[in-house]
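Residues in the sequence shown are numbered from 5 upward in steps of one, following my numbering. Backbone N, C-alpha and C define an ideal beta-carbon position, used for all residues, glycine too. Quick notes on the structure that follows.
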Amino acid sequence: MNIHEFQAKQLFAQYGVPVPKGKEIKNARAAEKWAAALDTPVYVVKAQIHAGGRGKAGGVKITKNKEEVPGLATELIGKTLVTHQTGPKGRKVRRLLIEEGAGIDKELYLSLLVDRDTGRPTFIASTEGGMEIEEVAENTPEKVLKEAIDPAVGFQSHNGRNLAFGLGLPTLEPAVVKPFFQMLENLYRLFMEKNAALIEINPLVITTDKQLIALDGKVSFDDNALYKHPAIFKFRDLHEEEPMEIEAGKHNLNYVKLDGNIGCMVNGAGLAMATMDVIKLAGSEPANFLDVGGGATKETVAAGFRILLKDKKVKGIFINIFGGIVRCERIAHGVIDAAKEVGIKLPVVVRLQGTNAEEGRKLLAESGLKVEVATDLWEAAQKIVALCSKKKKA
Ligand code: GDP
Ligand code: MN
């Protein structure tokens with residue numbers, strides 16, 4: 005789960021990581037009030053969306069004039085921001101962060117994530133802040149430092165020294181070295197205690213008055229640990245999530261929307277991945293990843309159908325079920341009932357294998373529904389791809 009910058013900064017503040025003084029604002033009236041209360045030489049008005057690249061897209065406004073703050077708020081609220089991370093559709097701005105501006109001397113980069121190679125929480129730091137870290141890593145890999153933390157002993161002072169000296173902080177600005185050590189320790193504590201998956205501060209700035217401040221903040225959490233952190237779960241913003249993925253979550257379905265036109269309903273994540281591969285091999289593209297789980301029932305199949313049909317790009321449905329725990333004749337009943345209930349007009353290919361597959365196929369064939377039945381995965385994939393491309397030409 006991702007959270008907004010203003011929420012990340014609230015967490016930083018709780019953990020003693022310095023952030024600019026700021027507040028979440030939802031309208032011009034509140035902006036005016038807060039600007040008066042903040043009373044600072046420079047105001048920064050920032051669009052809150054779950055995507056980076058806001059600065060370049062016009063989502064970060066800076067002014068020295070208090071009177072201008074409500075106008076900037078009006079300009080941003082309701083606007084659709086298109087950044088390199090939002091995709092062409094962009095994201096609608098509904099919330100702002102209005103904070104005091106900082107005089108920037110240097111911009112650094114700092115993040116903490118789990119490195120898949122070592123399996124350890126790892127700090128990534130660079131003196132090249134304010135830009136895309138992927139670009140820095142591509143063009144000047146020597147400017148990206150990595151420091152893995154042994155989770156058995158936690159953050160140690162030598163980890164801090166490696167990073168500080170690696171960045172050249174003692175020569176860059178000796179006054180921030182101690183605060184930097186403290187910040188690393190605090191971020192590590194936040195990361196571990198809240199089961200974060202990523203903390204990223206870009207830019208981490210050294211101000212003209214030698215303060216070290218997190219000017220931006222991105223934090224995401226491990227969904228499987230959210231039950232332990234109700235206060236974090238409250239940060240969830242459904243506006244930032246794909247509506248069909250929210251719906252799928254309610255039915256315990258694992259659904260990820262993709263860009264193709266063949267809707268897939270599969271039991272088991274591995275089989276779902278294989279199904280997507282085989283659709284591509286047959287010359288088309290999957291519209292989604294959908295794992296209905298090992299214990300698929302009539303209800304889950306019906307919910308799956310409804311979700312697939314909400315995607316207007318879906319031109320056909322491919323159901324691929326292996327009857328291991330679940331029995332195929334039960335799935336067949338589920339498909340028949342759900343198809344009647346939902347009213348499916350698109351081509352459907354069902355491939356059943358495993359326990360009671362024969363019985364399941366017979367039920368489907370005799371159901372009177374326009375459902376193609378298959379036993380072989382490759383044959384089934386070619387069938388659905390052919391049916392969908394035929395429809396397109398007609
Ligand atoms: P992002 O573009 O979505 O990553 O948003 P950021 O929070 O990183 O803001 C983009 C840029 O705006 C930063 O890299 C800074 O250069 C600039 N910026 C943000 N806050 C301030 C501030 O308080 N003072 C100044 N001078 N620049 C700021
Ligand atoms: Mn940033």
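Boundaries of the beta strand (DSSP E) in which Ser224 is found, first to last residue: Here the question's residue 224 lines up with position 220 in the sequence shown. Here the beta strand (DSSP E) through Ser224 covers Lys222 to Phe225.
Check: Pro24 C-beta below 7 Å from any heavy atom of ligand 2: Against the sequence shown, residue 24 aligns to sequence position 20. No.
Assigned exposure category for Gly327 - 16 Cβ within 10 Å defines buried: The residue given as residue 327 occupies position 323 in the sequence shown. Looking at its Cβ environment, which holds 16 or more other Cβ atoms inside 10 Å, Gly327 is buried.
Residues that Val118 bridges to, as DSSP identifies them: Here the question's residue 118 lines up with position 114 in the sequence shown. BP columns for Val118 point to Pro125.
Alpha carbon of Gly372 to alpha carbon of Pro155, nearest angstrom: The count along the sequence shown starts at 1 and reaches residue 372 at position 368. The count along the sequence shown starts at 1 and reaches residue 155 at position 151. Approximately 59 Å between the Cα atoms of the pair.
Span of the beta strand (DSSP E) around Asn160: Residue mapping note: residue 160 aligns to position 156 of the sequence shown, counting from 1. The sequence shown places Gln at residue 160, not Asn. From DSSP, Gln160 is part of no beta strand (DSSP E); its letter is neither H nor E.
Three-way DSSP call (helix, strand, coil) for Ile205 in this model: Position 201 of the sequence shown holds residue 205. If DSSP states are grouped into helix, strand and coil, Ile205 belongs with the strands.
Cβ neighbours of Val86 in the same chain (closer than 7 Å, five flanking residues each side left out): Start at 1 with the first residue of the sequence shown, and residue 86 comes out as number 82. Ala61, Pro92 and Gly94, listed in sequence order.
Asn6 Cβ short of 7 Å to ligand 2 heavy atom set: Counted from its first residue, the sequence shown places residue 6 at position 2. Flag unset: Cβ of Asn6 not near ligand 2.
Close-in-space but distant-in-sequence residues of the same chain around Gln160 (CB under 6 Å, 5 per side omitted): On the sequence shown, residue 160 is found 156 positions in, with the first residue counted as 1. Hits under 6 Å: none found.
Residue from Lys110, Tyr47, Asp109 and Glu204 with nearest C-alpha to Glu9: Here the question's residue 9 lines up with position 5 in the sequence shown. The option with the nearest alpha carbon to Glu9 is Glu204.
Endpoints, alpha helix (DSSP H) assigned at Leu368: Stepping through the sequence shown from its first residue, residue 368 is reached at position 364. That run of the alpha helix (DSSP H) goes Ala361 to Ala369.
CA nearest to the CA of Val401, picked from Ile137, Ser130, Thr131 and His54: Past the edges of the chain, shown from 5 to 398, lies residue 401, and the structure says nothing about it.
Short Cβ contact (8 Å threshold) for Asp226 with Asn206: Here residue 226 is taken as the residue at index 222 of the sequence shown, counted from 1. Here residue 206 is taken as the residue at index 202 of the sequence shown, counted from 1. Against a cut-off of 8 Å, the Cβ pair of Asn206 and Asp226 comes out as no contact.
Proximity winner among Gly364, Leu350 and Ile217, relative to Gly26 (alpha-carbon distances): Here the question's residue 26 lines up with position 22 in the sequence shown. Of the listed residues, the one whose Cα sits closest to Gly26 is Ile217.
Contact test: Leu219 Cβ vs ligand 1 heavy atom, cutoff 7 Å: Looking up residue 219 in the sequence shown gives position 215. Leu219 Cβ: within cutoff of ligand 1.
C-beta contact flag for Ala32 and Lys70 at 8 Å: Taking the first residue of the sequence shown as position 1, residue 32 is located at position 28. Taking the first residue of the sequence shown as position 1, residue 70 is located at position 66. No, the Cβ-Cβ distance between Ala32 and Lys70 is not below 8 Å.
Ile325 versus Leu381: straight-line alpha-carbon distance, rounded: Numbered from its first residue, the sequence shown carries residue 325 at position 321. Numbered from its first residue, the sequence shown carries residue 381 at position 377. Going by the C-alpha atoms only, they are around 10 Å apart.
Opposing strand residues paired with Ile66 [DSSP bridges]: Taking the sequence shown and counting its residues from 1, one reaches residue 66 at position 62. DSSP output for Ile66 lists Val48 as bridge partner(s).
Span separating the alpha-carbon of Leu42 from that of Gly75: Numbered from its first residue, the sequence shown carries residue 42 at position 38. Numbered from its first residue, the sequence shown carries residue 75 at position 71. In a straight line, the C-alpha of Leu42 is about 16 Å away from that of Gly75.
Buried versus exposed, by CB contacts within 10 Å (16 or more), Lys198: On the sequence shown, position 194 is the one that residue 198 refers to. So Lys198 ends up on the buried side.
C-alpha gap between Thr379 and Arg355, whole angstroms: Numbered from its first residue, the sequence shown carries residue 379 at position 375. Numbered from its first residue, the sequence shown carries residue 355 at position 351. When rounded, the distance between both Cα atoms is 5 Å.
Cutoff 7 Å; reference His255; Cβ partners in own chain excluding five residues on either side: Counted from its first residue, the sequence shown places residue 255 at position 251. Same-chain partners within the cutoff: Thr304 and Ala307.
Top-ranked residue by Cα proximity to Ala273, from Asn258, Ala286, Gly287 and Gly267: Counting from 1 along the sequence shown, the entry for residue 273 is found at position 269. If we check each option's Cα against that of Ala273, Asn258 comes out closest.
Bridge partners - Val268, DSSP secondary structure assignment: Working through the sequence shown from its first residue, we reach residue 268 at position 264. It should be noted that the sequence gives Cys, not Val, for residue 268. DSSP lists Phe322 as partners of Cys268.
Where Tyr113 falls, given that 16 or more other Cβ within 10 Å makes a residue buried: By 1-based counting over the sequence shown, the position of residue 113 is 109. Burial call: buried.
Enclosing alpha helix (DSSP H) for Phe239 [first to last residue]: Sequence index remark: in the sequence shown, residue 239 carries index 235 (1-based). Phe239 -> no alpha helix (DSSP H), and no H or E assigned at all.
Host alpha helix (DSSP H) of Gly358 (start-end): Position 354 of the sequence shown, counted from the first residue, corresponds to residue 358. Note, Gly358: premise wrong, no alpha helix (DSSP H); beta strand (DSSP E) at Val352 to Gly358.
Three-state secondary structure (DSSP) of Asp467: In the structure displayed, the chain extends from 5 to 398; residue 467 sits before or after that span and is not available.
Nearest candidate by alpha-carbon position, reference Ala286, set Lys302, Glu139, Ala300 and Phe322: Position 282 of the sequence shown, counted from the start, is the residue given in the question as residue 286. Of the candidates Lys302, Glu139, Ala300 and Phe322, the one whose C-alpha sits nearest the C-alpha of Ala286 is Phe322.
Backbone CA spacing between Asp263 and Ala34 [nearest angstrom]: The count along the sequence shown starts at 1 and reaches residue 263 at position 259. The count along the sequence shown starts at 1 and reaches residue 34 at position 30. Cα to Cα, the separation comes out at about 39 Å.
Close Cβ partners of Ala179 (< 8 Å) along its chain, the five nearest in sequence each way excluded: On the sequence shown, residue 179 is found 175 positions in, with the first residue counted as 1. Same-chain partners within the cutoff: Lys214.
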